[in-house]
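The next block holds one structure in the form of structure tokens; read it before the comments.
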């Protein structure tokens, strides 16, 4: 396995100093009686894996530059942007491919060069080089397409929806940081960005009837719930997978801090606990575990548990 690229491991003073960038769409919105197209831009911090979403009204060079500028106005200056070169857009529809390839990349690079920003394009036939942001964008695009295929929100609703999606993505657990022995707090992108938890639970209960409600905020909340439910079906299998490079990795053990994978949980709820006992099957492999949570002890199969990188305060102290 090759070492991680330096932009992922070198010290970064601020988030999004080095980031991946990609486009997706089109997304249809309702403007008066017309249906118009919008496009999404996703920025992924190479160090913190935080996500920022922007909307552009057209796939043009001007729109791309303004999206970069809006992102910088929020998170600060960028030094490096990593982007697909367009030839790696396998599976993209013809319109998207044509519009992406029509972007004047030299003009974008000239704009960034004036700001001393390096613009890096992935070489042709190397989609794996964009893995840091491509894995996210693949799952996000798939779910957004499902949720919005029968929806035509207004521009205001789409902007609000993007912030809800961004919050969901930035609340995903990355690892565990031991602060106090009894504190099983996951490190999330929002914790890095906001210096506090981004725990933004739903503000009520919503159903499909809200999608046709005249109260548009309820429509957006239901769309956010749908994104959460469908994205969890895409993301949880990746989170709980216990293999790496097609080889088994260390099995879950007593003391590990884990996320309990449950696609039926309310939006932005990531239940965590500590493994207190493991149970071995007839084949000698660990098949389930008892997990201590704030609500009690639960038995769960290991396929529903995702161990975070640092196992526990106790094991940290012993190393």
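Residue numbers (full-length UniProt numbering): 1 to 319.
For every residue, glycine included, the Cβ atom is placed at its ideal position computed from N, Cα and C.
Residue i (DSSP reduced to helix, strand or coil)
i	result
residue 256	coil
residue 103	coil
residue 279	strand
residue 306	strand
residue 29	strand
residue 21	strand
residue 151	coil
residue 14	coil
residue 203	coil
residue 189	helix
residue 51	strand
residue 274	strand
Residue i: CB within 8 Å of a non-hydrogen atom of the ligand ATP
i	result
residue 99	By its list of ligands, the structure shown contains no ligand whatsoever, and the ligand ATP lies outside what it can speak to.
Backbone CA spacing between residue i and residue j [nearest angstrom]
i	j	result
residue 59	residue 222	28 Å
residue 155	residue 75	23 Å
residue 82	residue 44	9 Å
residue 264	residue 52	26 Å
residue 216	residue 229	20 Å
residue 39	residue 158	11 Å
residue 57	residue 27	10 Å
residue 99	residue 162	22 Å
residue 214	residue 32	15 Å
Alpha helix (DSSP H) segment containing residue i, residue limits
i	result
residue 163	155 to 170
residue 290	No alpha helix (DSSP H) contains residue 290, which is instead part of the beta strand (DSSP E) from 286 to 293.
Contact set for residue i: own chain, Cβ-Cβ below 7 Å, skip 5 residues either direction
i	result
residue 289	252, 275, 277, 278, 279, 300, 302 and 305
Own chain, CB closer than 6 Å to residue i, minus 5 neighbours either side, in chain order
i	result
residue 111	65
For residue i, the first and last residue of its enclosing beta strand (DSSP E)
i	result
residue 75	Where residue 75 is concerned, there is no enclosing beta strand (DSSP E), although the alpha helix (DSSP H) it sits in stretches over 61 to 75.
residue 301	296 to 301
residue 35	34 to 45
Close-in-space but distant-in-sequence residues of the same chain around residue i (CB under 8 Å, 5 per side omitted)
i	result
residue 116	79
Exercise. Could you tell me whether the stretch 199 to 210 touches the stretch 22 to 31, using the rule of 3 or more Cβ pairs below 8 Å?
Key: In short, these stretches do not touch, since the Cβ pair count stays below three.
Quiz item: Counting Cβ pairs, one atom from each stretch, are 3 or more of them under 8 Å apart for the stretch 290 to 305 and the stretch 269 to 276?
Solution: Contact holds: three or more Cβ-Cβ distances are below 8 Å.
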